[in-house]
Amino acid sequence: MAEVAAVVGLVASIASLVDISVKVVSRLHDFISKSSDVPKSFHSLWSRLPLLTATLRHIQSQAENGHLPEDVTKALKAVVDDTSHQVSTIQICLSKVLPSDSASKLGRGLKALKSLAKEDKVQQALEKIHKNNDFLLLHQTTRHVDTGDRILEELSKLSIAPPASSKSFGVCLGQVPQIAADTFIGRTKELQQLRDWLSPNSQPDRQRTVSIVGMGGMGKTQLSLAHIRDCADNYSLVFWVNAKEETSLRHSMADLSAVVFHESAGPTVQSADDEKLKIDKVRRWLSEPRNDQWLLVFDNYDDPSLPGMDSATGYDIRAYFPHRAQGSILITTRSPRLLFAKQLPLKKLEDIEQSLAILAVRSGRKVDGGEIKKMTKRLTKWRFEDASATRLALRLDGLPLALATAGAYLSQSADSFDDYLEQYNNSWSDLSQYSRGPVDYEERTLYSTWNVSFQQVRNQDPAAAELLKLMAYLDNQDLWYGLFQEDVSDAPTWWAEVLKSRARFNRAISTLHNYSLLEVSAGQYSLHTCEHDWTLEYLNRGFDQDRCRIAIHCIAANVSWESEAEYWVRNRRVLPHARRFKHIRVKAAIDWSGIEPGYLYQFAYLYQQNDMNAEAEEMYVRALRGYEKARGPDHTSTLDTVNDLGLVYENQGKYTEAEKMYRRALDGFEKAWGPDHTSTLATVNNLGLLYMNQDKHTEAEKMYRRALDGYEKVWGPDHISILDTVNNLSNLYAEQGKHTEAEKMYRRALDGFEKAWGPDHTSTLATVNNLGLLYMNQDKHTEAEKMYQRALDGKERAWGPDHTSTLDTVNNLGSLYADQGKHTEAEKMYRRALDGKERAWGPDHTSTLDTVNNLGLLYKNQGKHTEAEKMYRRALDGYERAWGPDHTSTLNTVNNLGNLYADQGKHTEAEKMYRRALDGKERAWGPDHTSTLDTVNNLGSLYADQGKYTEAEKMYRRALDGKEKAWGPDHTSTLDTVNNLGLLYADQGKHAEAEKMYRRALDGYEKAWGPDHTSTLDTVNNLGSLYKNQGKYTEAEKMYRRALDGKEKAWGPDHTSTLDTVNNLGNLYADQGKHTEAEKMYQRALDGYEKAWGPDHPSTLRTINNLRLLNASRGGHMKVEEIHPRALDRSDGAHDTNQHPQSPPSTGKAILNRLKTGMPRRERGTAGQ
């Protein structure tokens, strides 16, 4: 009953306070809307009081739901009652000074003047409300980025940005430390320097970037906060992000989006893609014209990876700067090598007065509140009555963090300064006997002060001391109550003690906070980085396996599965704590064999979800050993781990190891569950994906069919869970050129997704995208564009115009337009995709490079060889950095460069590229992989161009034999090589062999693509050239006319492929002496080439040469100035344009997507988990 009464009392108090607050806000709103002379404290109260009421409602909800213990409820009621009294005081002040609605203009003016007299009283009440909020802060440790936490964060910043700076607001992300205005001492020169360098008025037309450089404990963060407090009025907005490591920085940057764009309450980021999108939104917002008055603080950037200073664990912070060079950027760092920023070195305090002031303020000794306030404004010459304070200040050698820690201790203890100094010296001696102890004097000073405070905490609350020791095995930022799990097996007594209730835990936290061993922020706690090092190196100098095991349990218990709501949000919060186990000392000392395999599995899963494949592999292997030992090799938990290890191997390109794992999992699941169990079928599906990655299409189809049949038996044909496998089968059929089957499967998947998810769900749109790709490959351009446009419209609505998935479809539209010869539209799409990906992913991301590669292909086809080479080179350099020189994505771009050089007649360079690509692909995939055979085919074309017919035929025959084995004799890729063999035989005058090859290719294309497909028409064109060269003019014209009619329908009259056949018809008429018809064809081709390619393209020049030869044969001539110099070099007769397919250029393979060479993405379903 007592607990119920306490809850009722708290709820009633909150209801009363909320009622008063709402009335005050309403009254202020009316006053502010009708008067321009509003005191700043009144304006601040009006803007912030709603946050207090929202916080109170949040606490009220917790109380009503029974989430608050009785002692906490009583304590909160006392705070709420006092806060209610302060708000009532404010209400009385307002009633006396604010004008009524009927007041005259003069009356309003007099009231405004009177209000100034009440401003101090309002400010005092505000300060008391803020102090009460400090208490509430310790008890509001709800989930991350919770609405209540963000409200508390805003209130807590009243101590950083005073009411006078109401136009600015701070954003509390990444553990912004809390410091009161009167606790920061000195550093006046440094503060003035920051003001001069960072003020928006100092250099208004450029970005102002400053780094505060100093060793740990010098007060870099505190100096930054003091600058914000003093200069908040200079900035429109102040942002603070945790730059300790790239993961934490990305989280903080993404979370800014919620504040900048006023997004709804709740988890701000839903996925890795969403995080990238939000980061880009924030960077673009910071880059907007005339939005240049903000300050962005990057705190703790201590591990830079910059040109000339590589770090395996660091990163380049400039990737997170705004796109436009504007605004003010402040970085705190230990590194003096940030050459892109002005450097402000921060050293020890040299003035003993400043050291004494810190001791006085932090300890509260010998100086009353008024004197402290006066002293912090100007450091006057003063001394403690006892010289022992000076001795202590001298011993701590001007280290601000050490002085603050000592002061905090003395504020909680009756010890004298000499007593503290004696304990400090004992601690110093203790450290000197510790072989692993700190070597630097400064570090040893800090360790000694922490040791003294720790001993006091241990005497006062032993469980709190043990809790601090445990924190050595967690990250030092973003610790929260829910992270600590009480249900640890064989837990020590102190663990049960500290977690027996929320109130007991908070007492331990409060004790650590009182001694400055823990920072407290809204709903979370943190340790200073140097102190965190001390907890591991000294407090845990004899590495404690039991504490480590408890930390592992806490982390593992907080990992969420993909099937759970908001799993990514929770997992990204726990990831930094899992990364702690990569610390060199922890990694070297921990005995993983004693850790439960279930915990290891959860660590592995967390790493895998965050693309940390090497770490995931390591943990899965450990988990596998543990499960095999504990449960046996055939237990389903063991097999789940085997399956997931296969997924990691596949992601790493370790296909042999992946297949071995999948096969073992499959055999075990079949024995344990049977052949049709969903776990069995998930592994079957994974094997299908693996085989498809290896171009083992027969095996892939067998797996997909088995998975599909099994799912249909278990769930029925229309269940949503089978649609991923349907989609995967569709992709396989599309790869095999089985377009009818592929379309049937895509349509089935599309119908299922539309019924289950609706027309605009992302899975629906992915299938729409895939249908567009299928239609594009069939030259059904109208249908393809319709699908792509639908996918684009839907993705723009679902994710926005700049989401990476949206940009993939933009890229696909670019490829479609390029195929249609709409080069302007294609370039526009590629440029949009490229710009968006550069913002979202960065310039060197592999997805960005895929679009760079596609732009290279577009420029190559336009004859813009310089631009094409620039794109290909950029893509190649990026792939080599990202993947290494032998990765298949790298080799595909090497192959593309070979195609470019071959087009330019640079045969030596082309062969060098093809050979490099071939050698690499043979090592990576083997000699018979279809990608390897594509490069073999290209080498054959190069040798044919050089007249090396024997070498060319050898290459073509190898390619043909391999493709027939891999794809079958009628696959379109096989037929491409058949067509090339026809061209080779035609070049050698082997007309019978050439016609046999052309006829085989033509028959195959007609079956696969239909009679009007452009690939079919290319071979028709080639047959026309063969008949022309044999003097079979009637048959030749028939072929050319068929090719021309078909291309005009498919591409339009001005497409360059159409113009190639027009040019060939001109050659045919010229050979027949039909000069008028020939000139008409040549002129049409010339006009079209000049529009499409420009005057200097080789196709344009060939046609000019053909016209010159035609005029010469008629006894006429063209004026020399009308003939391009390169055309004059061509005196070897008119040129036919035969269709000589190179194997298409390739881009990389994205995660769970298929990238066709120089072509768009085909999206596919995810592998089973």
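In UniProt numbering, the protein residues as written are 1 to 1169. Built from N, CA and C at the ideal position, the CB exists for glycine as well.
> Closest by CA to P400, which one among S526, A360, N425?
Replying inline: A360
>> At the 8 Å Cβ level, is Q609 part of the contact set with chain C, yes or no?
In response: The structure shown contains no chain C; it is built from a single protein chain.
> Which first and last residues belong to the beta strand (DSSP E) in which K1028 is found?
Replying inline: Looking at the DSSP string, K1028 is not in any beta strand (DSSP E); the run it does join, the alpha helix (DSSP H), is 1014-1029.
> Taking 7 Å as the cut-off, does the CB of T641 come closer than this to any heavy atom belonging to the ligand ADP?
Replying inline: Only the bare structure without any ligand can be found here, which leaves the ligand ADP out of the picture.
> Considering only the beta carbon of each residue, do F340 and R324 sit closer than 8 Å?
Replying inline: no
> Taking the alpha helix (DSSP H) that T851 falls in, what are its first and last residues?
Replying inline: 846-861
> What residue from S236, Y943, L499, Y1005 has the CA that sits closest to Q988's CA?
Replying inline: Y943
>> With H, G and I counted as helix, E and B as strand and the rest as coil, what does DSSP make of Y956?
In response: helix
> Out of curiosity, what's the CA-to-CA distance linking G542 and P576?
Replying inline: 24 Å
> Hey, how far is the Cα of D751 from the Cα of D945?
Replying inline: 49 Å
> Taking the alpha helix (DSSP H) that W534 falls in, what are its first and last residues?
Replying inline: 529-534
> If you draw a straight line from the alpha carbon of T1061 to that of N571, how long is it in whole angstroms?
Replying inline: 59 Å
> So what does DSSP say about S521, is it helix, strand or coil?
Replying inline: strand
> Would DSSP call G170 helix, strand or coil?
Replying inline: Bear in mind that a pLDDT of 44 at G170, under 50, signals an unreliable position, so the number given afterwards is only what the model happens to contain. Three-state result, G170: strand.
> Out of curiosity, what's the CA-to-CA distance linking D303 and K696?
Replying inline: 44 Å
> Which same chain residues, not among the five before or five after N514, have their C-beta less than 6 Å away from its C-beta?
Replying inline: Q412
> Which same chain residues, not among the five before or five after Q1139, have their C-beta less than 6 Å away from its C-beta?
Replying inline: Residue confidence for Q1139 is low, a pLDDT of 46 falling below 50, so the modelled location carries little weight; the figure read from the coordinates is stated next. Counting only Cβ-Cβ distances below 6 Å, and skipping sequence neighbours, we find D1018, N1021, N1022.
>> Across the stretch 987-1003 and the stretch 711-726, are there enough close Cβ pairs to call them in contact, namely three or more that are closer than 8 Å?
In response: no
> Hey, would you say A452 sits closer than 8 Å to Q423, going by beta carbons?
Replying inline: Residue identity differs from the one stated: residue 452 is Val in this sequence, not Ala. Cβ atoms of V452 and Q423: closer than 8 Å.
>> Tell me the residue span of the beta strand (DSSP E) that contains Q343.
In response: 342-345
> Is S474 helix, strand or coil by DSSP?
Replying inline: Checking the displayed sequence, the identity of residue 474 turns out to be Leu instead of Ser. The answer is coil: DSSP assigns L474 none of H, G, I, E or B.
>> Contact defined as beta carbons within less than 8 Å: I believe K795 pairs with L765. What is the distance between those atoms, to the nearest angstrom?
In response: 6 Å
> Is it buried or exposed for Q326, if we count other Cβ within 10 angstroms and need 16 for buried?
Replying inline: buried
> In whole angstroms, what separates the C-alpha of Y1082 from that of D1003?
Replying inline: 30 Å
>> Taking only three categories from DSSP, how would you classify W240?
In response: strand
>> Runs of 4 residues minimum, wholly inside the stretch 651-716: which ones carry the alpha helix (DSSP H) assignment?
In response: 655-672, 678-693, 697-715
> With a CB to CB cut of under 8 Å and the five nearest residues on each side skipped, what residues in its chain are close to R334?
Replying inline: V213, G214, M215, G216, D302
>> Can you look up I595 in the DSSP assignment and give me helix, strand or coil?
In response: coil
> How is the alpha helix (DSSP H) around D299 delimited, first residue to last?
Replying inline: Premise fails: D299 lies in the beta strand (DSSP E), 295-299, not in any alpha helix (DSSP H).
> Grouping DSSP H, G and I as helix and E and B as strand, with all else coil, what is V210?
Replying inline: strand
>> Just list the residues that DSSP pairs L807 with in beta bridges.
In response: Bridge partners of L807: none, in fact.
>> Quick check: the Cα distance between G364 and L470, rounded to an integer number of angstroms?
In response: 31 Å
> Using the C-alpha atoms, what's the distance from R1041 back to G1052?
Replying inline: 15 Å
> Going by beta carbon distance, what residues of the same chain come within less than 7 Å of R958, once the five residues before and after it are set aside?
Replying inline: V936
> If you draw a straight line from the alpha carbon of G905 to that of L918, how long is it in whole angstroms?
Replying inline: 20 Å
> If you compare alpha carbons, which of D961, L858, R547, H845 is closest to A826?
Replying inline: L858
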